[in-house]
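Here our numbering runs 2 ahead of the position in the sequence shown, where the first position is 1. Take a look at the structure below.
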Amino acid sequence: MSFSGAKNKLLCFLILAALAIPGVAQAEDVPASPHTLTANIGLVSNYVFRGITQTVNKPALQGGIDYAHASGVYAGVWGSNVSWITASGSAGNASLELDTYAGYKGGFAEDFSYDVGLVRYNYPGDYVPPAGYVKADTSEIYGAIGYKWITAKYSYSLGDFLTVPEAKGTSYLEVNASYTLADSGVTLGAHYGKQTYKGAAADALVAGGFDPSYADYKVNVSKDFGGYVLGLAYTNTNAKSGGYYTFNGKDWGKSAVALSLTHAM
3 MSFSGAKNKL LCFLILAALA IPGVAQAEDV PASPHTLTAN IGLVSNYVFR
53 GITQTVNKPA LQGGIDYAHA SGVYAGVWGS NVSWITASGS AGNASLELDT
103 YAGYKGGFAE DFSYDVGLVR YNYPGDYVPP AGYVKADTSE IYGAIGYKWI
153 TAKYSYSLGD FLTVPEAKGT SYLEVNASYT LADSGVTLGA HYGKQTYKGA
203 AADALVAGGF DPSYADYKVN VSKDFGGYVL GLAYTNTNAK SGGYYTFNGK
253 DWGKSAVALS LTHAM
C-alpha cells in the first residue's frame, strides 16, 4: 500500500464516519439513551507516540470512531498514516496504523476515576521486517487511575512489541496532567512516561551495548474554537541515538514540536 493509498483509505473511513454520526445521533435523540457514538478527525504536523516520531517528522491525517455505554463499557477504532516501518528497513510497504480497543471506565469517591482495557495496534500491509525483527502488530492491556486532572496509566505488552519479538512484559508507565483554564477554552497539559523493554531480544540488545528502554516527556497547550481544537506540543526523550531509534541518519527520539487541529463529531 502506498503512502497516498493509506491516506485515501483513512480519509474514506473518516468521511463515512462523519456521515454516519448525525444519523445515529438523530436515531438516538431520545431521553436517557445509554448509547453514545462519536467520531473525531485531525491533522498533525508530526505524529509522535511515546516520544518517538511515527511519521519521520512528517504530517499525519488521523481519526476514529468511539462507542460508549452508560455502564462504562466502551470500544473504538482509530487510524493514522505512518512511515516508521518502511523507513526502518522493512521490505514492502506498511503506511497505515489502525488501532482497535475496548475497556471499562468509571469513577469513585467523587474525584477519582479508573480505566481498564485492551488495545491492539495493527499495521496492515505487505512487508517483510529486517532480520531479527517481526511485524509491528502489538497487543497491550492497560489500567489507569486518576484524581481530578492527574492520571497515572500502566500498559503491559502481551507478546511481540512494535517489531521486537517475544517482548511479553514490555511496559509503559505514564503520568499525565490536563488542566482547563475556566471559561477560556484553553487546556494546559504535561506528560512523563517510561518505556521499559523485556524479553530475550531486548536482553540481546542490552548485551550488545544498546538499551532500548527510555523516558519521554511532553508539554502542550490547546485552545477550543467552537469544537475545533488547535494544539501545540513539545516532546523529547532520553532514547539513545542508535540502533532502534536512528535510521538514515535521523534521530526519531529527538526533541520535536508538533501543531495539531482536531474536531470531534
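Think of the CB as a built atom: it goes at the ideal place given N, C-alpha and C, for glycine as much as any other residue.
Burial state of residue i (16 or more Cβ within 10 Å)
i	result
G25	Bear in mind that the predicted position of G25 carries a pLDDT of just 48, short of 50, making it unreliable; the figure below should be weighed with that in mind. Burial call: exposed.
Y216	buried
D113	exposed
S35	exposed
K137	buried
G228	exposed
S186	exposed
G148	buried
A202	exposed
L207	buried
G127	buried
G195	buried
Anticipated Cβ contact below 8 Å, residue i with residue j, distance rounded
i	j	result
P214	Y230	Contact flag wrong, Cβ pair sits at about 38 Å.
Y125	A96	5 Å
G255	A241	3 Å
Y49	T38	The pair is not a contact, with the Cβ atoms about 26 Å apart (cut-off 8 Å).
G66	G81	6 Å
A258	T40	About 28 Å separates the two Cβ atoms, so there is no contact after all.
T165	Y135	4 Å
Cα-Cα separation between residue i and residue j, rounded to whole angstroms
i	j	result
S85	Q64	14 Å
I152	L175	14 Å
I87	A77	26 Å
G169	L263	Reading off the sequence shown, one finds Ala at residue 169, where the question assumed Gly. Cα to Cα, the separation comes out at about 34 Å.
P131	F110	45 Å
I43	K60	17 Å
G53	T239	6 Å
K270	H193	Shown here, the chain extends from 3 to 267; a query on residue 270 therefore has no answer.
K220	G191	8 Å
D218	P33	44 Å
T189	S180	7 Å
Y156	S173	7 Å
A62	M267	19 Å
Q197	D139	17 Å
V118	A154	12 Å
A27	V79	Note that A27 scores a pLDDT of 48, beneath 50, so its modelled location is shaky; the value from the coordinates is reported in the next line. If you take the alpha carbons of A27 and V79, they lie about 19 Å apart.
E99	L183	33 Å
T237	H265	22 Å
K252	G74	42 Å
D226	L232	7 Å
F223	G171	Note that residue 223 corresponds to Val in the displayed sequence, not to Phe. Their Cα atoms are separated by approximately 33 Å.
Residues that residue i bridges to, as DSSP identifies them
i	result
A217	K196
S180	G191
A93	V130
I143	L120 and Y158
L98	N83
N222	G191 and A235
S115	G109 and G148
* Segment contact flag, the stretch 88-98 with the stretch 66-79, C-beta cutoff 8 Å, min 3 pairs -> Contact between the stretch 88-98 and the stretch 66-79 is absent: fewer than 3 CB-CB pairs across the two stretches fall below 8 Å.
* **Segment contact, 8 Å Cβ cut-off, at least three pairs: the stretch 160-178 with the stretch 129-147** => The answer is yes - the stretch 129-147 touches the stretch 160-178, with three or more Cβ pairs under 8 Å.
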